[in-house]
Amino acid sequence: MGQPAPRPTRSRLPRDEARQRYVEIGVQVALERIRADAESLRTGSVVIGPFANLDANAVAARDGKTRGVIANLFGSQSAFQAATMALALGAQELIEEIEHPRPADYPDADAWVDAFFGEQSARGPSHGSEPRDYYTSLWTLWLSAVPYAVWSDEVAEPGLAETRDWMSGMVAVFAEALDHFDLILRPGTSLDDLAVATAGLVEGLWLTQCQTARHPIEPTEPIATALRRSGRMLWNGATRPRAEAGS
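Per our numbering, the very first residue in the sequence shown carries number 2; after that it's consecutive.
Encoded structure:
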């Protein structure tokens, strides 16, 4: 027979230190659960985050129906949950519908850049508000699944594909803006670099937009000011007038 398991010993840490110790252990256990669920996605055996709590009864009731309609269309509540999760993780068809401000509609590059980044802010979430459109709703749901992407390609890849499509669209409009406003990129900078930096800036500040509707440092300003000003710095740091190149 094996040796009996040792009896748990009473903690001798001061109460505050003991509380902190168990909170830190709790953080680790919570992350391990996220990792385990993420790894289970490879077999399609689970759905994650808010999708796991999606109730077919509540969804059908919004349309004046019973959950039977969900069962008829999807076969089961779990299949419906999985289909909803798949849509939120990669909404590439909505990326194709984005219409950026056209450079030809603005008198100069500064005005266009301000409009471009203002539009990016408007597409994102808004603290305390209902989602303004379908894309914002899906992005907010996607955000809830991001921690699982650390350990799951099933979560990571659809989002990456969507981001690549978004950046490709920005490359096209940036090229159009450079030509229209007679600008060039600074040495060592490419359109791809500019699109990647823009995507990071936009989604980074969308996280702030989840938390506040005001500028995080200048509360008298709306949150959109932060993205417009940051975008202006990014654009001006990446471009210069074509005429300067020959001087």
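Where is the CB? At the ideal position from N, CA and C, for every residue including glycine. Quick caveat, the model's predicted, so the values are computed rather than measured.
Compare the C-alpha of residue i against each of the options and name the closest.
i: Gly205; options: Leu144, Ala112, Met86; result: Leu144
i: Ala244; options: Ile185, Glu219, Gly232, Pro159; result: Ile185
i: Arg36; options: Glu98, Ser153, His128; result: Ser153
i: Ser169; options: Asn54, Ala246, Leu192; result: Leu192
i: His101; options: Pro188, Ala146, Phe118; result: Phe118
i: Gly50; options: Gly65, Ala31, Thr44; result: Ala31
i: Ala112; options: Lys66, Asn73, Asp134, Gly232; result: Gly232
i: Glu40; options: Trp167, Pro148, Ala196, Glu98; result: Pro148
i: Val114; options: His181, Thr67, Asn73, Leu74; result: His181
i: Ala146; options: Arg20, Ala87, Pro15, Pro188; result: Ala87
i: Gly160; options: Ala176, Glu177, Leu142; result: Leu142
i: Leu179; options: Ser130, Thr221, Asp109; result: Asp109
Does residue i pass the burial test, meaning 16 or more other C-beta atoms within 10 Å, or should it be called exposed?
i: Pro104; result: buried
i: Glu155; result: buried
i: Met234; result: exposed
i: Gln29; result: exposed
i: Ala59; result: exposed
i: Gln212; result: exposed
i: Asp38; result: buried
i: Thr67; result: exposed
i: Thr137; result: buried
i: Met2; result: Low local confidence applies: a pLDDT of 48 at Met2 is under 50, so the model's placement there is unreliable, with the coordinate-based value given in what follows. When all chains shown are included, Met2 counts as exposed.
On the DSSP letters alone, give me the boundaries of the beta strand (DSSP E) that residue i sits inside.
i: Pro242; result: 240-242
i: Ile185; result: 184-186
If you follow the alpha helix (DSSP H) that residue i is in, where does it begin and where does it stop?
i: Gly69; result: 68-75
i: Glu25; result: 16-41
i: Glu120; result: 110-124
i: Thr141; result: 135-150
i: Glu94; result: 93-96
i: Arg63; result: 57-63
i: Ala105; result: Neither: Ala105 is in no alpha helix (DSSP H) and is coded neither H nor E.
i: Ala53; result: Unbroken run through Ala53: none, as it is neither H nor E.
i: Ser79; result: 78-90
Kindly confirm or deny that the stretch 110-129 and the stretch 223-237 touch, where touching means at least three C-beta pairs closer than 8 Å.
yes
Is it the case that the stretch 52-59 contacts the stretch 77-86, given that we only count it when at least three CB pairs across the two stretches are under 8 Å?
Touching, per the Cβ criterion.
4-residue-minimum alpha helix (DSSP H) runs that sit fully inside the stretch 161-220, ordered along the chain
If one requires a minimum length of 4 residues, the alpha helix (DSSP H) runs lying completely within the stretch 161-220 are 192-212, in chain order.
Closer than 8 Å is the cut-off here; do at least three beta carbon pairs connect the stretch 158-172 with the stretch 194-201?
With contact defined as three or more Cβ pairs closer than 8 Å, the stretch 158-172 and the stretch 194-201 are in contact.
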